[in-house]
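If you use the numbering used here, the sequence shown corresponds to residues 155 to 593, in order. Backbone N, C-alpha and C define an ideal beta-carbon position, used for all residues, glycine too.
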Amino acid sequence: MGLHARKLIIACSGGPDSMALVYVLAALKPEIGLPMSVVTIDHGLRDVSDELALVCRICQSLELPWHSERVVVERREGSLAADARRARLTRLRELAGTTGCVALGHTADDQAETVLLRLLRGTGLRGLGGMDPVRPPFVRPLLEQWRRGVVAYLADVGAHFATDPTNNTDLFARNRLRHHILPVVDMWFPGSVQRVAALSRRARSDRRLIERFVDHAVKECTVDSQPGRWEMDVVRLRQQPAEVWPHVFGRIYRRVTRRHGDLYEEHVTALTDLVLRVSGDGQADLPAAVAQRNHERLTITSVGVLGPRAVQKMSTSDLIVGPGCFRLSNGKLLTVDQVSVTGRPPFRDATELWVDAARVMFPWTVRTWRTGDRMTLFGMTGTKKVSDILIDNKIPRQNRADVLIIEEQSLLLWLVGVRRSAHHPIVGTTTSAYKVRLY
155 MGLHARKLII
165 ACSGGPDSMA
175 LVYVLAALKP
185 EIGLPMSVVT
195 IDHGLRDVSD
205 ELALVCRICQ
215 SLELPWHSER
225 VVVERREGSL
235 AADARRARLT
245 RLRELAGTTG
255 CVALGHTADD
265 QAETVLLRLL
275 RGTGLRGLGG
285 MDPVRPPFVR
295 PLLEQWRRGV
305 VAYLADVGAH
315 FATDPTNNTD
325 LFARNRLRHH
335 ILPVVDMWFP
345 GSVQRVAALS
355 RRARSDRRLI
365 ERFVDHAVKE
375 CTVDSQPGRW
385 EMDVVRLRQQ
395 PAEVWPHVFG
405 RIYRRVTRRH
415 GDLYEEHVTA
425 LTDLVLRVSG
435 DGQADLPAAV
445 AQRNHERLTI
455 TSVGVLGPRA
465 VQKMSTSDLI
475 VGPGCFRLSN
485 GKLLTVDQVS
495 VTGRPPFRDA
505 TELWVDAARV
515 MFPWTVRTWR
525 TGDRMTLFGM
535 TGTKKVSDIL
545 IDNKIPRQNR
555 ADVLIIEEQS
565 LLLWLVGVRR
575 SAHHPIVGTT
585 TSAYKVRLY
């Protein structure tokens, strides 16, 4: 299995990939030689009683211990799917403890989708590497197997599996990629999906070499490191090859925030600008962290260490990369949910923004309004000064500076809580919308 473990936990949702994993590992149990059990994670987001019953029945027939675990999905920034995944993996790590490993049913199809999603959103070599076959406590024995082969195997052994109804919707980015983009890409460029999976293997190999240089660079430029805070010497960092900087930023960011993902390209650019700027002072907002340049020191601090009040004083803008739940720098919560509008009219008051999902483009910027901002109001033509809109809507002078704007490129979509713009309205042909709300 690639790990020195004393027990093996198989994570099984009841879907084809994880169900095949259960059958394969059950057949290999004598060779593996570890106590083996199966767990199904219930996120509490929909009724999964049928899936639980199916997995339970299969495990009984294979003489494997099985139980289910209910987790609470805490909404943070990002999509609901990402929040559910975070809760699931956290619980699986807890179940593994210090002596166990957890087998996950990801396939080569999942790997290719992951790499393409990261590429489209902006990533580096780490993101191109996709999912690691072995990353304690997790192992992915099926990562080199394609889904069509997995389904064929299930048919050969006469195994039943469940189908998640949400996989047939376009609510999640992975589903939209799987249903609409990959089939077209594979039609015009046969074998391209397989080549993406091969790219991830090459990227992981290259990353192992680069990590040696990153280890040296981080050691050379670190001035001080504490839980949730890391301070670097900018002069020493500049002495390192510029090609290593993004990897240094990513390494330190992950240690500070205790996250496993990559920084987006715009965040790497912002950090690079801080290092290169002559003035010596400045800041950049990162997901769940803030970077500050003070003379020849660059400090990355997690929001958890700063606290919402400190962040509110430091930041005036946030980046919204897509649907999800986002903790803004001022401590407030912004939700962007994709919903169906067929058969029911959306709300149109100032507390929510509804826009046609087919027309919008991410990322959005959430920022405080500035003198000179102009906006085309819903139901009107031409533009109007934001300052005049605030006066017309009787926003007290002392509260105007705190009013936020959601901006798409150069378009002002929403003067939050006051008025919406004329851009991307819900019309009779709209079937899917983004509902935006600030809490």
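What is the DSSP secondary structure of Cys213, reduced to helix, strand or coil? Your numbering for residue 213 matches position 59 in the sequence shown. Looking at Cys213 - three-state DSSP - the assignment turns out to be helix.
Using CA atoms only, rank isn't needed, just tell me which of Asn321, Val429 and Val269 is closest to Leu353. As a working note, residue 353 is residue 199 in the sequence shown. It is Val269.
Would you tell me roughly how many angstroms separate the C-alpha atoms of Val389 and Thr376, rounded to the nearest one? Walking along the sequence shown from the start, residue 389 turns up at place 235. Walking along the sequence shown from the start, residue 376 turns up at place 222. Their Cα atoms are separated by approximately 11 Å.
Between the Cα of Ala371 and the Cα atoms of Val398, His314 and Arg431, which residue gives the shortest distance? Position 217 of the sequence shown holds residue 371. Answer by Cα proximity: Val398.
Can you check the stretch 410-464 for any beta strand (DSSP E) of at least 3 residues that lies completely inside it and give the ranges in chain order? Counting whole runs of 3 or more residues, the stretch 410-464 contains the beta strand (DSSP E) stretches 435-440, 443-448 and 451-456.
Top-ranked residue by Cα proximity to Ser212, from Met173, Gly198 and Glu185: Here residue 212 refers to the residue found at position 58 of the sequence shown. Note that residue 212 is Ile in the sequence shown here, rather than Ser. If we check each option's Cα against that of Ile212, Met173 comes out closest.
Using the DSSP secondary-structure output, state which residues sit across from Lys539 in a beta bridge. Taking the first residue of the sequence shown as position 1, residue 539 is located at position 385. In the DSSP secondary-structure assignment, Lys539 is bridged to Arg528.
Which of the three DSSP states is assigned to Val495 in this structure? By one-based count along the sequence shown, residue 495 stands at place 341. Val495 falls in the coil class under three-state DSSP.
So what's Ile580 in DSSP terms, helix, strand or just coil? Reading the sequence shown from its first residue, position 426 is the one you call residue 580. DSSP places Ile580 in the coil class of the three-state scheme, outside both helix and strand.
Quick check: the Cα distance between Ala445 and Gly415, rounded to an integer number of angstroms? Stepping through the sequence shown from its first residue, residue 445 is reached at position 291. Stepping through the sequence shown from its first residue, residue 415 is reached at position 261. Each residue's CA atom was taken as its position, placing Ala445 and Gly415 some 17 Å apart.
Would you grab the beta carbon distance between Ser271 and Leu331 for me? Rounded to a whole angstrom, and I think it's under 8 Å. For the purposes of this step, residue 271 is taken as the residue at position 117 of the sequence shown. For the purposes of this step, residue 331 is taken as the residue at position 177 of the sequence shown. The sequence shown places Leu at residue 271, not Ser. Contact annotation, Leu271 with Leu331: C-beta distance approximately 6 Å; criterion of less than 8 Å satisfied.
Local Cβ density within 10 Å of Met341, reported as buried at 16 or more and exposed below that: Counted from its first residue, the sequence shown places residue 341 at position 187. By the 10 Å Cβ count, Met341 comes out exposed.
Output the distance between the C-alpha atoms of Asn322 and Asn329, rounded to the nearest integer angstrom. Locating residue 322 in the sequence shown gives position 168, counting from the first residue. Locating residue 329 in the sequence shown gives position 175, counting from the first residue. If I take the Cα positions, the gap works out to 7 Å.
Pick helix, strand or coil for Glu223, following the three-state DSSP scheme. As a working note, residue 223 is residue 69 in the sequence shown. Residue state, collapsed to three classes: strand.
Is it true that the CB of Val256 sits closer than 8 Å to the CB of Pro291? By 1-based counting over the sequence shown, the position of residue 291 is 137. By 1-based counting over the sequence shown, the position of residue 256 is 102. The Cβ-Cβ distance between Pro291 and Val256 falls below 8 Å.
Mapping the DSSP letters down to three states, classify Leu282 as helix, strand or coil. Taking the first residue of the sequence shown as position 1, residue 282 is located at position 128. Correct three-state label for Leu282: helix.
Where does Gly478 fall in DSSP's three states? Within the sequence shown, numbered from 1, the residue matching residue 478 stands at position 324. In the three-state reduction of the DSSP assignment, Gly478 falls in the strand class.
For Gly281 and Glu248, the rounded distance between their alpha carbons: Locating residue 248 in the sequence shown gives position 94, where the first residue counts as 1. Locating residue 281 in the sequence shown gives position 127, where the first residue counts as 1. For the pair Glu248 and Gly281, the Cα-to-Cα distance works out to about 25 Å.
Below 8 Å between beta carbons: does that hold for Pro295 and Leu175? For the purposes of this step, residue 295 is taken as residue 141 along the sequence shown, with counting starting at 1. For the purposes of this step, residue 175 is taken as residue 21 along the sequence shown, with counting starting at 1. Contact annotation: Pro295 and Leu175 have beta-carbon atoms nearer than 8 Å.
Is the Cβ-Cβ distance between Thr411 and Ala438 less than 8 Å? Locating residue 411 in the sequence shown gives position 257, counting from the first residue. Locating residue 438 in the sequence shown gives position 284, counting from the first residue. Taking 8 Å as the Cβ cut-off, Thr411 and Ala438 do not qualify as a contacting pair.
Could you give the residue range of the alpha helix (DSSP H) that holds Asp340? Locating residue 340 in the sequence shown gives position 186, counting from the first residue. DSSP places Asp340 in the uninterrupted alpha helix (DSSP H) bounded by Leu336 to Trp342.
Spell out a yes or no on whether the stretch 469-487 and the stretch 538-551 are touching, meaning 3 or more CB-CB pairs, one atom from each, closer than 8 Å. The stretch 469-487 makes no contact with the stretch 538-551; the number of CB pairs closer than 8 Å stays below 3.
For a test of the three-state rule: what should DSSP assign to Leu273, helix, strand or coil? Taking the first residue of the sequence shown as position 1, residue 273 is located at position 119. Of the three classes helix, strand and coil, the one that applies to Leu273 here is helix, per DSSP.
Nearest-angstrom beta carbon gap, Glu420 and Gly276 [assumed within contact, 8 Å]: Within the sequence shown, residue 276 is the residue found at index 122, counting from 1. Within the sequence shown, residue 420 is the residue found at index 266, counting from 1. Contact annotation, Gly276 with Glu420: C-beta distance approximately 7 Å; criterion of less than 8 Å satisfied.
How many angstroms separate the CA atom of Tyr418 from the CA atom of Asp310? Along the sequence shown, read from residue 1 onward, the residue named residue 418 stands at position 264. Along the sequence shown, read from residue 1 onward, the residue named residue 310 stands at position 156. Spanning the two alpha carbons is a distance of roughly 43 Å.
Compare the C-alpha of Arg591 against each of Ala424, Ala327 and Cys479 and name the closest. To locate residue 591, count along the sequence shown from 1; it is residue 437. Checking every option, the nearest Cα to that of Arg591 belongs to Cys479.
Which residues in the same chain as Glu298 place their Cβ atom closer than 7 Å to its Cβ, once the five residues preceding and following it in sequence are excluded? Counting from 1 along the sequence shown, the entry for residue 298 is found at position 144. Only residues of its own chain outside the window of five on either side were considered, and among them Ala262 have a CB closer than 7 Å to the CB of Glu298, listed in chain order.
Looking at the unbroken alpha helix (DSSP H) that takes in Lys183, where does it start and where does it end? Position 29 of the sequence shown, counting from 1, holds the residue named residue 183. That run of the alpha helix (DSSP H) goes Lys183 to Ile186.
Measure the Cβ-Cβ separation of Ala241 and Glu228 and say whether it is below 8 Å. Numbered from its first residue, the sequence shown carries residue 241 at position 87. Numbered from its first residue, the sequence shown carries residue 228 at position 74. Ala241 is a Cβ neighbour of Glu228, given a cutoff of 8 Å.
If you check the beta carbons only, do Ile559 and Asp527 fall under 8 Å apart? Taking the first residue of the sequence shown as position 1, residue 559 is located at position 405. Taking the first residue of the sequence shown as position 1, residue 527 is located at position 373. Using a Cβ distance threshold of 8 Å, Ile559 and Asp527 count as a contacting pair.
Which term fits Thr584, buried or exposed, when burial requires 16 or more other beta carbons within 10 angstroms of its beta carbon? On the sequence shown, position 430 is the one that residue 584 refers to. By the 10 Å Cβ count, Thr584 comes out buried.
On the criterion of 16 or more Cβ atoms from any shown chain inside 10 Å, does Leu199 qualify as buried, or is it exposed? Here residue 199 refers to the residue found at position 45 when the sequence shown is read from its first residue. Residue environment analysis places Leu199 among the exposed positions, since fewer than 16 neighbouring C-beta atoms fall within 10 angstroms of its C-beta.
For Arg355 and Asp264, what's the separation of their Cα atoms in angstroms? As a position in the sequence shown, residue 355 is number 201, starting the count at 1. As a position in the sequence shown, residue 264 is number 110, starting the count at 1. If you take the alpha carbons of Arg355 and Asp264, they lie about 14 Å apart.
Reducing DSSP to helix, strand and coil, say where Val572 ends up. To locate residue 572, count along the sequence shown from 1; it is residue 418. In the structure shown, Val572 sits in coil (DSSP, three-state: anything other than H, G, I, E or B).
Going by the CB atoms, is the gap between Val178 and His197 shorter than 8 Å? Stepping through the sequence shown from its first residue, residue 197 is reached at position 43. Stepping through the sequence shown from its first residue, residue 178 is reached at position 24. Not closer than 8 Å, so no.
Nearest to Gly485 by CA position, among Thr535, Arg513, Arg573 and Tyr593, is which residue? As a first step, residue 485 must be located in the sequence shown, where it is residue number 331. Selected option, being the one with the closest Cα: Tyr593.
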